[in-house]
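Quick note, the sequences are listed as chains A and B, same order.
At position 160 of the first sequence the residue is numbered 161 (the working numbering), and the sequence of numbers has no breaks.
At position 317 of the second sequence the residue is numbered 1050 (the working numbering), and the sequence of numbers has no breaks.
We put the CB at the ideal spot given by N, CA and C, even for glycine.
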Amino acid sequence: MIRYIIFRMFAAIPTLLLISVLIFFIIQLPPGDYFETYIAELQAQGETVDPNKIAYLKHEYGFDKPIIEQYGLWVLGMLHGDFGYSFEYEMPVTQVIGSRLYLTILISTVTIIFTWLVAFPIGIYSAVRQYSWGDYGLTFLGLLGLATPNFLLALILMYLANIWFGVSIGHLMDAKYLGQPMSWGKFWSIAEHMVIPVIVIGTSGTAAMIRRLRANLLDELQKQYVVTARAKGVPSLKALVKYPLRMALNFFIADIGGILPSVISGAVVVSIVLSLETTGPLLIRALQSQDMYLAGSFLMFLAALTVAGVLISDIALALLDPRIRLQAGRRK
Amino acid sequence: MSGRRWSRRSFSKLAVSVVSLPLLPGLGAAAAEEPPDLAPGVVAGDMPPLAERLPRNPRVVDMAPLHKVEGRYGGTLRMIMAEDKDIRMMTVYSYARLVVFDLDLNLVPDILEKFEVEEGRIFTLHLREGHRWSDGHPFTVEDFRYCWEDVSLNKELSRGGPSQQMLVEGKPPIFEVIDETTVRYAWEKPNPLFLPSLAGGSPNYIFMPAHYLKQFHKKYADPEKLAELIASHRMRDWVALHTVMARQYRPENPDLPTLEPWANTTAPPAERFTFRRNPYFHRVDGSGRQLPYIPTVYLSMSSADIIPAKTGAGESDLQGRYLRFDNYTFLRQAEKQHPIHVDLWRDGTGSEVAFLPNLNANDKIWRGVFRDVRFRRALSLAINRHEINQQFYFGLAREAANSVLPGSPLYKRSYDEAWAAFDPDQANRLLDHMKLKKGGDGIRLLPDGRRAELVVEFAGNVEQSDIMELVREYWGDIGIKVFQRSLNLEVMRRRFLAGDTLISMWGGLSVGLATADLPPEELAPVSSAQGNWPKWGQYTETMGKAGEPVDLPEAQELLDLYHAWRVSSTTAERRGIWQMMLSIFTDQVFTIGTVNSVNQPVVINSRLRNVPKEGVYSFAPGAYFGIYMPDTFWYDEAGNKAQ
């Protein structure tokens, strides 16, 4: 087991290196660079740009160097914890992302918990009462959440919340709490503003989880040991939770690999529509304007989290289900 | 350094006083001389009294001729922006400049007490005695000297040398400090660009807070301290540090002293920037009360898409940016629920949308066709501007060629009407004369036998693509088949410069309210960003290092006239040049205009006074709200709904 973990950690290094190459060159792919975008934008508003100034900026940020050298500087910098410079914000990338990270983690965590709270009971109920009206009805609701475009739902809910409850539009708190220390009022305001994004992002995830839990649990429920347990008079709740549910949770552990990066990136589209101060809109904006170090570093960060997440879920799976560990061990 | 620390302490006390002291009207009356938010600080001795903070001769803003009334202190002004870098809009709106445009578009001194111009080439600028930066440090000629000698002429700080406005035929001025309050810039030849550039929405800064910035400058700073500062700000070198700390247009550095009415107190990134009154601001009202009336301005960040919704929910007190005419009905409805009202201002561009045939297109045949003035005129004549106006702007816009607006002193009716009537017959005749014969399907054939299929590129918003739909039909009627293609702004810019674009859709002249003293650069090929002749523009811009020399006599004439303007010495001379250029530009239809003076919704808090009911919304000249002086806006707490 220890050997396996060490091996996996070393394997992560070339993986991340390869990812960094891909990220850097994909970001470079569209013709032009940040400064051309910047000029075009200013000119569209009637502002003028001094070509001298642009030439100076290009030199200052190393744009006149060959692309390989730019890449090398970027990767070496990251090893030292220097993620480069954001042109758009004109400050180090770490500062730009850092301030938004907390709210992103908050909102994503609450959403994930919301998804679990909704999906688990429904999934279990649907499996136990297969083909009942409840099964159909709840599954339908879940699929409806999956099928409705998130941005549309977000817009409608936002409008209604403003009209009915007077919740200010967008953002994660009322403007008056910005920059204020935490207080009950501020806490309440954040909670109020989180309802919509959590519902919108959460509903889209529940359907998939309901269906997978239902399918896995159905498989388990038909197995011999469950039938035997029932026949021996084990209480039905215990006969459901003790083993079948545990076995049906494999997929759930395997999902952890994906959860880590999604906690950080947040739901991008919804965040843009609702104007949430999370990292998602930041990334999109950075990609659009070719703010390459900001975009690249953030993608790199996500990649590292994915690699770590997959490792964690592999280890957790091995702990949870001995069959998986045996197979891995045999191959080594 | 000590001055700076002192100012920071006083600012934090000032913030406390705003929170702890409700702005009672009684208090304002009792301490009529001091803004109530500063009064406690003055009493406590943190700040000198008003008389010592103001310059000896402050700028007195006489409200009556401006149709304004003297106001009261208090309140906060909330505005919404979309990106952190929009913080520069605060510099635009607050519009304190060495010289400014007044409402009649004359250049008048503002930060300067007065200025003199000799032969259009020697500029003597007089500062106000006793004028101070927002941190209380004197604003002196040293700030000009530092900016010119230690920044503009410093090879490291200004790699490309001084900005274009400071050069005449490539030569910089001779700078002189005359006495304690006087500086002089003298060129060999006239520099008509100089004064307007100082008054721009994005001004040409020729002064900097030297006392503050010297700590970042290699020439003045203690090397050890400087190295420490570079490390603590995580900058590469002192050049980067100085550049970032000295940014005046984009006031992101809360420590940077300013001369504007409000100073930023929030370091980015932030969801909301808080601007507070500059206690040393140089303008007073007729009763000697120091401006601005409103002590605090909030600039909140939001995504551009929900700004109209947020504005309609009463979350902005003054909003024009990111609102469009199609938000108007929604905003009007919101008037019923929230204490706001919507006014319609006039957009200041020469044409809401204009078509730019690319005279530098790679396709030889099309290029030849575009260069034939008959073709450009035919395209213009085929457009039914009246229908566009009715369809999209309720008939409230003006149907005209891409030219200056009636508010401009250069306006002539003939420019508006140049080839702008709806006359498809004449358009057809012009094309027939060009021997572009119609094929069997009604589509004309190019000289090489290809069908005349024209791809129009635009950096799509919905409005443009709707207008494009109509124009597609108009041009179809005269035998030109049109396809539309929506692109990113920057991709489009790159494509027309590369010669790939045939014709693009863009905004009209950005200086629709031009005066003779503003540069006529949009009428001549001077920049690679001009979609109708990008390569010629690039040639001028790079002084022949890239692009192509102009090879169309009419365009060359415009360029010559522009160069003549650049060294003209009198306004009368400049007016003559402008008129000639406008008449060539419109007669040659180098750009095809549609409608202008489109309505711009401006949402204003109902209690906010001194905001004009009708205004012109334009960046240059005018700085959007800037020319209407937001420092004179005030809240009428007692009053009912405005107007």
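Alpha-carbon spacing of residue i relative to residue j, whole angstroms
i: A/LEU173; j: B/VAL1102; result: 56 Å
i: A/MET210; j: A/VAL199; result: 16 Å
i: A/LEU285; j: A/LEU161; result: Residue identity check: residue 285 of chain A is Ile in the sequence provided, not Leu. Approximately 27 Å between the Cα atoms of the pair.
i: B/ARG1342; j: B/ASP1369; result: 7 Å
i: B/PRO788; j: B/PHE1323; result: 50 Å
i: B/GLU816; j: B/GLU1004; result: 10 Å
i: A/ASP34; j: B/GLU1223; result: 9 Å
i: A/ASN151; j: A/VAL196; result: 14 Å
i: A/GLY78; j: A/PHE84; result: 6 Å
i: B/ASP684; j: B/LEU1292; result: Nothing about residue 684 of chain B can be reported from this structure: the residues present for chain B run from 734 to 1376 only.
i: B/ALA973; j: B/ALA1037; result: 30 Å
i: A/VAL274; j: B/VAL1075; result: 24 Å
i: B/LYS746; j: B/VAL850; result: Since pLDDT at B/LYS746 reaches only 39, below the 50 mark, its modelled position is unreliable, and no value is offered.
i: A/TYR5; j: A/ALA13; result: 12 Å
i: B/ASP1068; j: B/ASN1338; result: Checking the displayed sequence, the identity of residue 1068 of chain B turns out to be Glu instead of Asp. B/GLU1068 and B/ASN1338: Cα-Cα distance of roughly 10 Å.
i: A/GLU61; j: B/TRP1266; result: 30 Å
i: B/ILE1360; j: A/SER109; result: 45 Å
i: B/GLY1182; j: B/GLN1124; result: 36 Å
i: B/SER827; j: B/PRO994; result: 6 Å
i: B/GLY1140; j: B/ARG1146; result: 12 Å
i: B/GLN1312; j: B/GLY1355; result: 22 Å
i: B/LEU756; j: A/PHE188; result: Its pLDDT being 40, under 50, B/LEU756 is placed unreliably in this model, and the value from its coordinates should be taken loosely. Computed Cα separation, rounded: 28 Å.
i: A/THR204; j: B/ASP1096; result: 53 Å
Contact check, residue i vs residue j, beta carbons under 7 Å
i: A/LEU104; j: A/GLU221; result: no
i: A/ARG346; j: A/ALA128; result: Not covered by the structure: residue 346 of chain A. The range shown for chain A is 2 to 333.
i: B/ALA1353; j: B/TYR1295; result: no
i: B/SER1198; j: B/TYR1013; result: no
i: A/GLY171; j: B/ILE1039; result: yes
i: B/ALA1192; j: B/LEU1230; result: no
i: A/VAL76; j: A/SER21; result: yes
i: B/ASP988; j: B/MET941; result: no
i: B/PRO906; j: B/TRP920; result: yes
i: B/ILE1027; j: B/GLY808; result: yes
i: B/TRP881; j: B/PHE848; result: no
i: A/PHE36; j: A/ILE24; result: no
i: A/ALA255; j: A/SER314; result: yes
i: A/THR38; j: A/SER276; result: no
i: B/ALA723; j: B/ARG1307; result: Since the first and last residues shown for chain B are 734 and 1376, residue 723 of chain B lies out of range.
Cβ shell of residue i (< 7 Å), same chain only, five flanking positions each side left out
i: B/GLY1212; result: LEU1164, LYS1171, GLY1175, ILE1176, ARG1177, ALA1185
i: A/LEU17; result: ALA304, ALA305, VAL308
i: B/ARG1016; result: PRO791, ARG792, VAL794, LEU1024, ASP1364
i: A/LEU320; result: none
i: B/GLN1263; result: GLY1270
i: A/VAL111; result: MET195, VAL199
Close Cβ partners of residue i (< 6 Å) along its chain, the five nearest in sequence each way excluded
i: B/LEU760; result: Residue placement at B/LEU760 cannot be trusted, given a pLDDT of 37 that sits under 50; the coordinates are not used to answer.
i: A/ALA287; result: LEU295, ALA296
i: B/ARG811; result: TYR1031, SER1049, ASP1050
i: B/ARG1340; result: TYR1368, ASP1369
i: B/PHE1318; result: LEU1256
Same chain only: Cβ atoms within 8 Å of residue i, ignoring 5 sequence neighbours per side
i: B/ALA960; result: none
i: B/TYR982; result: ARG821, THR824, SER935, PRO936, TYR938
i: B/ARG1118; result: GLU1132, ALA1133, ALA1153, PHE1155, THR1327, VAL1328
i: A/LEU139; result: ILE123, TYR126, SER127, ILE211
At 4 residues or longer, what runs of the alpha helix (DSSP H) sit wholly inside the stretch 1154–1225 of chain B? 1157–1166, 1195–1210
Report the start-end ranges of each beta strand (DSSP E) in the stretch 1022–1059 of chain B that is 3 residues or longer and not cut off at the edges.
1029–1034
- Segments of 4+ residues assigned as alpha helix (DSSP H) that fall wholly inside the stretch 1268–1350 of chain B: 1286–1299, 1304–1320
**Asked** Looking at C-beta atoms only, is the number of pairs between the stretch 1243–1250 of chain B and the stretch 1079–1094 of chain B that lie closer than 8 Å three or more?
**Response** yes
Minimum length 4: unbroken alpha helix (DSSP H) runs contained in the stretch 777–831 of chain B: 783–786, 821–827
Practice problem: Count the C-beta pairs between the stretch 261–271 of chain A and the stretch 224–233 of chain A that are closer than 8 Å, then say yes if the count reaches three, no if not. | Solution: no
Could you check whether the stretch 1051–1062 of chain B touches the stretch 1326–1341 of chain B, counting it as contact only if at least three pairs of C-beta atoms, one from each stretch, sit closer than 8 Å? yes
Worksheet item: Are the stretch 1315–1330 of chain B and the stretch 1121–1136 of chain B in contact at 8 Å, needing three or more beta carbon pairs?
Response: yes
List in chain order: all unbroken alpha helix (DSSP H) runs of 4+ residues lying wholly within the stretch 853–928 of chain B. 874–878
* To do: Count the CB pairs spanning the stretch 920–930 of chain B and the stretch 854–862 of chain B that are closer than 8 Å, and state whether there are at least three.
  => yes
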